[in-house]
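To start, the structure itself, in structure tokens.
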Amino acid sequence: MTPSSAGDAEPSDVGSARGPRRVPTQRRSRERLARILHAAGELCADGGLDALTMEAIAQRAGTSIGSLYQFFPNQDTLVAAVAQRYVADLEPLLAESDAAASDSAASHSAGAAPAPPIDALVDAVLEPFVRFHRTHPGYFAILFAPQGSAALARLRGGVRQRLVRRVETLLAERAPHLTPAKRRRLALTAVEAGRALLQYTEQSVPAGARRAMRTELRDMLVAYLAPWLERPGARQGAPAAERR
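Residues in the sequence shown are numbered consecutively from 37, following my numbering.
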């Protein structure tokens, strides 16, 4: 999930980050490029962008420094390519989760099934990221590095907008009585809070304690969203301005 930054751009800007200077066509070259991108992600997960050097990437990838420069003119371009790969890999995972959530909502609307519980809605938002981070350990360290480049800011902005729209859609299906403005505020808050705590959990909490922290995050989001989703009306006692 993503931070709200003035430098973040709309989804239409996501593809503007530069890719490799040479697109490999042979299998060995494609495999070498994949190793380079994976190595950069692992190094960032271990020590952040500050610990990343072209020499360290080459060593981790088991290739020469010259091979890196065949693909990328500098480190910023390489990091942007890793981020682009992450964004591309994330999209089908989100689409799969969205389809499952929409099928559940459609069944409920047709009277074939009860409305899914709120914790299931929260799980639909969180679980793709938990699974994704296991296979893309550098996701948070690269995409959300405070010292990242303008290209990373554009990618980050596109991911943020994609996630907010996704949560807005889920809320609209579950709570059509809410105004669009209220749904957007709920979505923004859930996305921002969820991303920040999930990033902290995956980067700073010992592996053995992460499951418990993810449970705390889940419970927090359920408690935040439940009053607005449990019944077709405003939260009891909420000011009129807050209900809009």
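Each residue gets a CB set at the ideal place from its N, CA and C atoms; glycine is no exception.
Remember, predicted model here, so these are calculated numbers, not experimental data.
Exposed or buried, what is Y236 when buried is set at 16 or more other beta-carbons lying within 10 Å of its beta-carbon?
-> exposed
With distances taken Cα to Cα, identify the nearest neighbour of R221 among R66, V118 and R201.
-> R201
Note the first and the last residue of the continuous alpha helix (DSSP H) segment covering P282.
-> Absent from the structure is residue 282, since the part of the chain shown begins at 37 and ends at 280.
Measure the beta-carbon distance from I72 to I93 and round it to whole angstroms, keeping in mind my assumption that it falls under 8 Å.
-> 6 Å
V244 burial status per 10 Å Cβ neighbour count (16 or more: buried) = Here residue 244 is Gly; the residue named in the question, Val, does not match the sequence. Answer is exposed; the Cβ neighbour count stays below 16.
Which parts of the region 63-100 are runs of the alpha helix (DSSP H), unbroken and 4 residues or longer, counting only runs that do not cross its ends?
-> With a minimum length of 4 residues, the continuous alpha helix (DSSP H) runs that stay inside the region 63-100 are 63-83 and 90-97.
Can the beta-carbon of V158 be found less than 8 Å from the beta-carbon of R250?
-> No, they are not a contact pair.
Candidates A187, T205 and R121: which alpha carbon is nearest F168's?
-> Ranking A187, T205 and R121 by CA distance to the CA of F168 puts R121 first.
Beta carbon of L191, beta carbon of L179: below 8 Å?
-> Yes.
N- and C-terminal bounds of the alpha helix (DSSP H) containing H172 | Here H172 belongs to no alpha helix (DSSP H), and DSSP marks it neither H nor E.
Look at the Cβ atom of E204, then the Cβ atom of A217, and state whether they are nearer than 8 Å.
-> no
Work out the CA separation of L129 and A53 for me, nearest whole Å.
-> Its pLDDT being 46, under 50, A53 is placed unreliably by the model, and the measurement read from it follows with that caveat. Their Cα atoms are separated by approximately 22 Å.
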